[in-house]
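A.B. asks: What the sequence shown shows, in the numbering used here, is residues 91 to 352, in sequence order.
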Amino acid sequence: MTDYGKMIPKDFWEAVRGGKFNKPTSGVSHGYAQANLVILPKKYALDFMIFAQRNPKPCPIIDILEVGEITPPLSKGADIRQDIPKYRIYQEGVLVSEEEDIRDLWREDFVSFLLGCSFTFESALLEEGISIKHIEQSKNVAMYKTNIACKEAGIFRGNMVVSMRPIKGRDITKVVEITSKFPEVHGAPIHIGNPEEIGIQDIDNPEYGDAISIGKDEIPVFWACGVTPQLLALNAKPEIMITHAPGYMFVTNIKNEDLSKG
């Protein structure tokens, strides 16, 4: 059985291209940062870059590709059109399809953004003995829409999406300390405890990902999430916007420690 956790990014890209891996990427390529993807026509790129700069918690930029380029500068050898297990295609604000390869949809005016992903700091949590339940249960992380408004920029406006991990009460302080050292992959939690305070009415029914049970000795902890741009697409309605499917990330060549500030 292939151990994708020990696989270097180059080999993982080849596995994805070959159709050998088509699951959420939490836990793969330990030690390497994962990223959310946003692809937009050039005419929308400046608006989105300003939006990301104004909202670094949900949209921390870790790499940007030149217009029409398919290889991230910090991940040489990759092809952004086929090295993610699943993509989402939005047209005029409507999710029209999910694809495993977007080469047929590629346009020379596309600009691609890679945003930091909280899967990156999970390695640091695991190294400290912190349980990550969605990895243990082979599930996708739970993600929710909130009532937390983002700062607007151009056509982009809307509320933040968050990811949730149940954490044992005794580990909360350690989790905050560890994740705060990774500001480029969402950093410290934005909320701990009562989900209703941030507009989540049913913790058992996430809008994205899988439901994760919360034990009696656990507290729900919420981080800003790079799926936020997909919610924004519903409001902005660009002619086309391509993203990763929630939980199906791009594995970069960037080492986790290179994104740590501690």
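No residue lacks a Cβ here, since even glycine has one placed at the ideal position from N, Cα and C.
All of these numbers come straight from a predicted model, not from anything done at the bench.
Mapping DSSP to helix, strand and coil, what is residue 171?
C.D. replies: Locating residue 171 in the sequence shown gives position 81, where the first residue counts as 1. It is coil, neither helix nor strand.
A.B. asks: Quick one: what's residue 117 bridged to in DSSP?
C.D. replies: Indexing the sequence shown from 1 puts residue 117 at position 27. According to DSSP, which records beta bridges pairwise, residue 117 is partnered with nothing at all.
A.B. asks: Can you give me the start and stop residues for the beta strand (DSSP E) that residue 333 sits inside?
C.D. replies: Start at 1 with the first residue of the sequence shown, and residue 333 comes out as number 243. Where residue 333 is concerned, the enclosing beta strand (DSSP E) stretches over 331-334.
A.B. asks: Residue 281 bridges to which residues according to DSSP?
C.D. replies: Within the sequence shown, the letter at position 191 stands for residue 281. Note: residue 281 sits in a beta bridge opposite 312.
A.B. asks: Which one of 116, 281, 298 has the shortest CA to CA distance from residue 211?
C.D. replies: Here residue 211 corresponds to residue number 121 of the sequence shown, with the count starting at 1. Closest option to residue 211, Cα to Cα, is 116.
A.B. asks: Would you list the one or two residues that DSSP bridges to residue 180?
C.D. replies: Translated into positions along the sequence shown, residue 180 becomes position 90. Answer by DSSP bridge pairing, in chain order: 185, 331.
A.B. asks: Is residue 203 helix, strand or coil when you go by DSSP?
C.D. replies: Taking the first residue of the sequence shown as 1, we reach residue 203 at position 113. If DSSP states are grouped into helix, strand and coil, residue 203 belongs with the strands.
A.B. asks: Spatial neighbours of residue 135 within its chain, please: CB distance less than 6 Å, with the 5 preceding and 5 following residues excluded, ordered by chain position.
C.D. replies: Against the sequence shown, residue 135 aligns to sequence position 45. Closer than 6 Å at the Cβ level, and outside the excluded window around residue 135, lie 201.
A.B. asks: Please specify which runs of the alpha helix (DSSP H), each continuous and at least 4 residues long, are wholly inside the region 222-264, giving them in chain order.
C.D. replies: Runs of the alpha helix (DSSP H) inside the region 222-264: 223-226.
A.B. asks: So, with DSSP's three-state summary, where would you put residue 125?
C.D. replies: As a first step, residue 125 must be located in the sequence shown, where it is residue number 35. Correct three-state label for residue 125: strand.
A.B. asks: Between the region 329-341 and the region 175-195, do three or more beta carbon pairs fall short of 8 Å?
C.D. replies: The region 329-341, when compared against the region 175-195, does touch it at the 8 Å Cβ threshold.
A.B. asks: Decide if residue 239 is buried, meaning its Cβ has at least 16 other Cβ atoms within 10 Å, or exposed.
C.D. replies: By one-based count along the sequence shown, residue 239 stands at place 149. The residue in question, residue 239, is exposed, as its Cβ has fewer than 16 Cβ neighbours within 10 Å.
A.B. asks: Helix, strand or coil, according to DSSP, for residue 319 in the structure here?
C.D. replies: By 1-based counting over the sequence shown, the position of residue 319 is 229. Helix at residue 319.
A.B. asks: Relative to the C-alpha of residue 266, which candidate in 313, 293, 317, 193 has its C-alpha closest?
C.D. replies: As a working mapping, residue 266 is identified with position 176 in the sequence shown. Checking every option, the nearest Cα to that of residue 266 belongs to 313.
A.B. asks: Given a threshold of 16 other Cβ atoms within 10 Å of its Cβ, counted over all protein chains shown, does residue 96 qualify as buried or as exposed?
C.D. replies: For this step, residue 96 is matched to residue 6 along the sequence shown. Result: exposed.
A.B. asks: Give a yes or no on whether the C-beta atoms belonging to residue 318 and residue 254 are separated by under 9 Å.
C.D. replies: Along the sequence shown, one-based indexing puts residue 318 at 228. Along the sequence shown, one-based indexing puts residue 254 at 164. Not a contact, by the Cβ cut-off of 9 Å.
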